[in-house]
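Residue numbers (full-length UniProt numbering): 1 to 481.
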């Protein structure tokens, strides 16, 4: 563990390692500036000049911490050193900040630029391409031809992983489900199939998240498959047909966790189990009605009809599989994944929007959070960069770390919240347990947060889970629905 108290998990994507080590340098600058000002003033507090200098150079106003985890191995240490990280405590200058910032940004942009020598497509979610140790012959005759072939199929050359996963689902999920439903059901196969889908569902759902925002993930010449595969795979992964698109793109991102958002958290005390139960229950049992009614209130009658049809026809299809094929297979193949994913959606959204800053509740920076962790960013296409996603829903998933580095001063100035070492579901669990000290210890401090004590951080997080009354909403939000 270094002087910042941070150990970087080597399982993080390399982009996250670059981001975190860049911010480690910011933390050191902020602390060095604080220590220097403390030695010059009797109170130990920063003078206005010190604060202004730190802000203008991106020090205290842009600093942040990183993820706790295992000791970084030598290979990763070299990556850190090469991409803007600092391995020894130093008193940095404004020039150091600028150089470190440029180095991190250039490295991140190069990794997503097909014309750059350091370009690296994502082929598998479990490992970065540069860490994939294969025999030379396998790499030359198998992996590289596969990458070139897949890049002709996917829409973006970075996204070979999308085709990789579609092949996995086509060759495992579909044959297994068909056998259970149409040939023979056994509980052993049924349970194993469900466990397999449980493993697939997070990655598939976030692949579909990219799909619904970008209107596809495959090249135009493969549009027929791009449009058709969700109709086959969605119900096997717990989704109802097209509902994710209607609710998430046409509704949630329009309302932005505000008063008109059916999945808004502001009406609830986010550390209250009973409120969470109400939140989940309403979505579970009434979203089929609430979403069409929302679109009708907005005079979007075609969307209302489509949303109602998608939900109701999906329920009807599940009923038909239960009634006319095999009820046991229908339960394991489509109904149980559906029930589980609905819970996961609400638990995840609760965590994504658990903390809403009372001062500016209508700000994307202050009503959503950023996570730098392995499950969210390695296996779920940088889903942890939720604030970045709300700021620009059309931003490609590989661009979130780039955007974060570019805008880290704004994140700090806007008092955004960044965490390390836990995913959105753990955020939800710890809020419901009221374990704010656990959350405070995993907060990545930005700006003035760097100088807060753990108790102050915990109290800040506690305040951000407050329920909004109707009067509060009328005062705090610029628009209401």
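Here a beta-carbon is modelled for each residue, glycine too, at the ideal position from N, C-alpha and C.
Near residue 112, which residues of its chain fall below 6 Å by C-beta distance, leaving aside the five closest residues on each side in sequence? Same-chain partners within the cutoff: 158 and 398.
Mind reading off the beta-carbon distance from residue 160 to residue 114? Whole number of angstroms is fine, and I expect it under 8 Å. Your pair residue 160 and residue 114 does not check out as a contact, with CB atoms roughly 12 Å apart and the cut at 8 Å.
Can you give me the start and stop residues for the beta strand (DSSP E) that residue 370 sits inside? That run of the beta strand (DSSP E) goes 369-372.
Residues sharing a beta bridge with residue 417, DSSP: 369.
Coil, strand or helix - residue 50 by DSSP: Bear in mind that the predicted position of residue 50 carries a pLDDT of just 38, short of 50, making it unreliable; the figure below should be weighed with that in mind. Note: residue 50 maps to helix in three-state DSSP.
Quick check: the Cα distance between residue 308 and residue 444, rounded to an integer number of angstroms? Between residue 308 and residue 444, the alpha-carbon positions lie close to 41 Å from each other.
Is residue 356 helix, strand or coil by DSSP? In the three-state scheme derived from DSSP, where H, G and I count as helix and E and B as strand, residue 356 is classed as coil.
Does DSSP put residue 191 in a helix, in a strand, or in coil? DSSP places residue 191 in the helix class (H, G or I) of the three-state scheme.
If you draw a straight line from the alpha carbon of residue 282 to that of residue 262, how long is it in whole angstroms? Going from the Cα of residue 282 to the Cα of residue 262 covers about 9 Å.
In whole angstroms, what is the alpha-carbon distance linking residue 504 and residue 428? Only positions 1 to 481 of the chain appear in this structure, which leaves residue 504 out of reach.
Between residue 244 and residue 208, is the Cβ-Cβ spacing less than 8 Å? Contact: yes.
If you check the beta carbons only, do residue 22 and residue 148 fall under 8 Å apart? Taking 8 Å as the Cβ cut-off, residue 22 and residue 148 do not qualify as a contacting pair.
Going by other Cβ atoms of all chains shown within 10 Å of its Cβ, with 16 needed for buried, is residue 213 buried or exposed? Result: buried.
Looking at the ligand MN, does it come within less than 7 Å of residue 372, judged from the CB to the closest heavy atom? This structure simply doesn't include the ligand MN, nor any ligand for that matter.
Runs of alpha helix (DSSP H) lying entirely within the region 93-173, each at least 4 residues, in chain order: Listed in chain order, they are 94-111, 144-151 and 160-168.
Among 371, 318, 420 and 446, which has the Cα closest to the Cα of residue 410? Looking at the Cα atoms, 446 is the closest of the given residues.
Going by C-alpha distance, which of 387, 374 and 34 is nearest residue 426? For the residues 387, 374 and 34, the minimum Cα distance to residue 426 belongs to 374.
Other residues of its chain near residue 462: CB distance less than 7 Å, five sequence neighbours each side excluded: Excluding positions up to five away in sequence, the list reads 436.
Judging by CA-CA distance, which residue of 355, 297 and 299 is the nearest neighbour of residue 268? Comparing Cα positions, the closest option is 355.
Determine contact between the region 386-393 and the region 300-314, defined as no fewer than three beta-carbon pairs at a distance below 8 Å. Taking 8 Å as the limit for Cβ pairs, the verdict is that the region 300-314 does not touch the region 386-393.
In or out: residue 141 buried (at least 16 other Cβ within 10 Å) or exposed? So residue 141 ends up on the exposed side.
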